[in-house]
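What follows is a set of notes on a single structure, which appears directly below.
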Amino acid sequence: MELNSVTLKGRANVAKLTIGGIVALGVVYKMKSGGKASQKAGPFPNIKSTHSLVAKHVTADKWAKLGGITTKTSGFTLAKAIACAVDFDDQHCGIYAGDADSYEDFKTVFEPIILEYHGLKADFKHASDMDVTKIKGNINPYAPVKSTRIRVGRSINGFGLSPGITKEQRLGVETLMKSAFAKLSADLKGNYYPLQGMQESVRQKLVDDHFLFVSGDKNLISAGMEREWPEGRGIFHNEAKSFLVWVNEEDQLRIISMEKGGDVKGVFERLARGINAVGDSVKSESGKEFMLHPKYGYLHSCPTNLGTGMRASVHIDLPGWTKEGIDTLKKRCEALALQPRGTRGESGGQTGITYDISNKHRLGYSEIELVQTMIDGVNTLYKEDLELQKKHGLV
Ligand code: ADP
Ligand code: MG
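In the numbering used here, the protein residues as written are -4 to 390.
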């Protein structure tokens, strides 16, 4: 945040020197295409995450071309996009988009990062498939799976993405969603609960029960996603709390289907139906559609979520793998195209022998391929865990 204001000041000084006293400081040159505004780039930033994709792909040459650009939708800049790679030394990726324009205006930075992160070739194209009938099998009913959750991110055309979204746009998304939620019916029917004014005990219970997001993630803060917190944020859920939508967290929308047990197919079926219902309702209320890029699929604020934006996870007990050690489990998950997390969320940490196991990929595979990978991989981990339990004398 500090960097951004320093950079802006630096840029203003450059403008002053270049244009002299003739034009006011705020004046920008209109570019011919896309409606973005441009002035001269400020000084090249000091990128603390020296091993990040940002450090590799934000070169001095690109900075000179892109560093002075301000996007049309939310007034986003490359400096704002890479703030967490500049602020911290531990980023792998290190970049966020502040609106759909960011992916175009800063394409020479985003595209190579997207290709490298997702391991894709330049001519790839995302294809979506949510046909639940194509999924084979399900989680082994004997596996100690406590719960299943599948989420996708969705963004609505015309509004900025969380890192760049203006206060007015954020409230616009919330207002639109309130009326869109009111149209949901049958098992998807529910209520919207804004974070602002929510009773603390109610909020804490929703967090403890794994339904609600929390504030305080340093990356999200650095990327500008907690500006004006908690205004405009909230959660919708049906009565059974099996269908939920987060509003204005890391993405404008996180659409979630979850329940106890390991019926991944059932959870996916409700998710697919829920996404369609929310999309139809948004469209009939506003005429707007979800942001769908011809190549990158569904647009998200974080390029690591592009494509499906889908994370299908189970909470599962793995006592044998716990004895082997978390690093060995991580390696095994990597080989199975899975990702282990702690059960208190990405930044919440690990408890006991229970893990959050989910698909690792988001882009370059369809939704059903990713769900299939998760089902097959979790069944494999469970089978191996039984062997490891024997090896370590647990049974
Ligand atoms: P994401 O950002 O992918 O939605 P996080 O790792 O931030 O997920 O976790 C968000 C919340 O969802 C946390 O409270 C986490 O415990 C919960 N969660 C994730 N997977 C499951 C699951 N399979 N069952 C129950 N809760 C889950
Ligand atoms: Mg998260």
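Just so it is clear, CB atoms sit at the ideal spot from N, CA and C, and this is done for glycine as well. Please read all numbers here as calculations on a predicted model, not as lab measurements.
Ala283 and Ile160 closer than 8 Å at C-beta: For the purposes of this step, residue 283 is taken as the residue at position 288 of the sequence shown. For the purposes of this step, residue 160 is taken as the residue at position 165 of the sequence shown. Per the sequence presented here, residue 283 reads as Lys, with Ala not at that position. Not in contact: Lys283 and Ile160 (Cβ atoms no closer than 8 Å).
Near ligand 3: His387 beta-carbon under 7 Å from a heavy atom: Among the ligands present in this structure, namely ligand 1 and ligand 2, ligand 3 is not found.
Gly185, buried or exposed, once every other Cβ within 10 Å from all chains shown has been counted against 16: What you label residue 185 is simply residue 190 of the sequence shown in a count that begins at 1. By the 10 Å Cβ count, Gly185 comes out buried.
Straight-line Cα distance separating Thr375 from Leu171: Within the sequence shown, residue 171 is the residue found at index 176, counting from 1. Within the sequence shown, residue 375 is the residue found at index 380, counting from 1. One alpha carbon belongs to Leu171, the other to Thr375, and they sit about 43 Å apart.
Terminal residues of the alpha helix (DSSP H) in which Pro314 lies: What you label residue 314 is simply residue 319 of the sequence shown in a count that begins at 1. In the DSSP assignment, Pro314 falls within the unbroken alpha helix (DSSP H) covering Pro314 to Glu319.
Where Val22 falls: helix, strand or coil (DSSP): The residue given as residue 22 occupies position 27 in the sequence shown. Unreliable positioning characterises Val22 in this predicted model, as indicated by a pLDDT of 41, which lies under 50. The coordinate reading is nonetheless provided below. Note: Val22 maps to coil in three-state DSSP.
Three-state class that DSSP yields for Ser279 in the structure shown: If you number the sequence shown from 1, residue 279 lands on position 284. Here Ser279 sits in helix by DSSP.
Ligand 2 heavy atom lying under 7 Å from the CB of Gly304: The residue you call residue 304 lines up with position 309 of the sequence shown. Answer for Gly304: no, Cβ out of range of ligand 2.
Other residues of its chain near Asp258: CB distance less than 7 Å, five sequence neighbours each side excluded: As a first step, residue 258 is located in the sequence shown; it is residue number 263 there, counting from the start. Hits under 7 Å: Asn133 and Thr143.
Euclidean distance between Cα positions of Lys326 and Phe231: The residue you call residue 326 lines up with position 331 of the sequence shown. The residue you call residue 231 lines up with position 236 of the sequence shown. Rounded to whole angstroms, Lys326 to Phe231 spans 36 Å at the Cα level.
Any 3 or more C-beta pairs closer than 8 Å across the stretch 290 to 308 and the stretch 351 to 371: Segments in contact, yes.
Backbone secondary structure at Arg327 - three-state DSSP: For the purposes of this step, residue 327 is taken as the residue at position 332 of the sequence shown. Of the three classes helix, strand and coil, the one that applies to Arg327 here is helix, per DSSP.
Reference Gly93; option with closest CA among Ala76, Lys51 and Glu99: Here residue 93 is taken as the residue at index 98 of the sequence shown, counted from 1. Measuring from the Cα of Gly93, the nearest candidate turns out to be Ala76.
Reduced DSSP secondary structure (H/G/I, E/B, other) of Leu248: As a working note, residue 248 is residue 253 in the sequence shown. Strand at Leu248.
Close beta carbons around Glu362, own chain, < 7 Å, minus the five adjacent residues each side: In the sequence shown, residue 362 corresponds to position 367, counting from 1. These residues qualify, in order along the chain: Ser123, Asp124, Met125, Thr303 and Met305.
Identified DSSP bridge partners for Trp241: Residue numbering aside, residue 241 sits at position 246 when the sequence shown is read from its first letter. BP columns for Trp241 point to Ile230 and Arg249.
Rounded separation between Pro158 and Asp84 - CA only: Residue mapping note: residue 158 aligns to position 163 of the sequence shown, counting from 1. Residue mapping note: residue 84 aligns to position 89 of the sequence shown, counting from 1. If you take the alpha carbons of Pro158 and Asp84, they lie about 20 Å apart.
CA nearest to the CA of Arg265, picked from Leu239, Gln247 and Lys290: For the purposes of this step, residue 265 is taken as residue 270 along the sequence shown, with counting starting at 1. The candidate whose alpha carbon is nearest that of Arg265 is Leu239.
Own chain, CB closer than 7 Å to Pro139, minus 5 neighbours either side, in chain order: As a first step, residue 139 is located in the sequence shown; it is residue number 144 there, counting from the start. Once the five neighbours on either side are set aside, the close Cβ partners of Pro139 are Ile311 and Asp312.
Pro335 (DSSP reduced to helix, strand or coil): Counting from one through the sequence shown, the residue named residue 335 turns up at place 340. Strand, per DSSP.
Buried or exposed by the 16-neighbour rule on C-beta atoms within 10 Å, applied to Thr68: If you number the sequence shown from 1, residue 68 lands on position 73. Residue environment: Thr68 is assigned as buried (16 or more neighbouring CB atoms within 10 Å of its CB, all protein chains considered).
Own chain, CB closer than 7 Å to Glu245, minus 5 neighbours either side, in chain order: Position 250 of the sequence shown, counting from 1, holds the residue named residue 245. Ser157, Leu215, Met220, Ser296 and Cys297.
Residues surrounding ligand 1 [beta-carbon distance to nearest heavy atom under 6 Å]: Close to ligand 1, as judged by a C-beta nearer than 6 Å to any of its heavy atoms, are the residues Ser142, Thr143, Arg144, Arg146, His205, Arg249, Met253, Arg306, Ser308, Val309, His310, Arg336, Thr338, Arg339, Gly340, Glu341 and Asp351, in chain order.
Rounded straight-line distance, which links the Cα of Thr103 to that of His121: On the sequence shown, position 126 is the one that residue 121 refers to. On the sequence shown, position 108 is the one that residue 103 refers to. The alpha-carbon of His121 is positioned some 19 Å away from that of Thr103.
Start-to-end residues for the alpha helix (DSSP H) that takes in Gly167: Walking along the sequence shown from the start, residue 167 turns up at place 172. Lys162 to Ala177 is the extent of the alpha helix (DSSP H) around Gly167.
Cβ shell of Glu280 (< 7 Å), same chain only, five flanking positions each side left out: For the purposes of this step, residue 280 is taken as residue 285 along the sequence shown, with counting starting at 1. If we look at Glu280 and ignore the five residues flanking it on each side, its Cβ neighbours are Leu171, Ser174 and Ala175.
For Thr72, the nearest candidate out of Tyr293, Pro136 and Tyr98 (CA to CA): Taking the sequence shown and counting its residues from 1, the one referred to as residue 72 is at position 77. Answer by Cα proximity: Tyr98.
Boundaries (first-last residue) of the alpha helix (DSSP H) holding Ser196: Your numbering for residue 196 matches position 201 in the sequence shown. Its alpha helix (DSSP H) spans residues Glu195 to Asp203.
First through last residue of the beta strand (DSSP E) which encompasses Pro189: In the sequence shown, counting from the first residue as 1, residue 189 sits at position 194. Here the beta strand (DSSP E) through Pro189 covers Gly185 to Pro189.
Test: Leu301 CB closer than 8 Å to a CB of chain C: The chain labelled as chain C is not found in the depicted structure, where only one protein chain is given.
Val262 vs Ile145 beta-carbon contact at 8 Å: Working through the sequence shown from its first residue, we reach residue 262 at position 267. Working through the sequence shown from its first residue, we reach residue 145 at position 150. Closer than 8 Å, so yes.
Beta-bridge pairing of Leu287 - partner residues as DSSP gives them: Within the sequence shown, numbered from 1, the residue matching residue 287 stands at position 292. Looking at the DSSP assignment, Leu287 forms a beta bridge with Tyr293.
For Val242 and Glu169, believed in contact at Cβ under 8 Å, the rounded distance: Here residue 169 is taken as the residue at index 174 of the sequence shown, counted from 1. Here residue 242 is taken as the residue at index 247 of the sequence shown, counted from 1. Contact holds; Cβ gap of about 6 Å.
Continuous beta strand (DSSP E) stretch holding Val147: start and end: The sequence position of residue 147 within the sequence shown is 152, counting from 1. Residues Val140 to Arg149.
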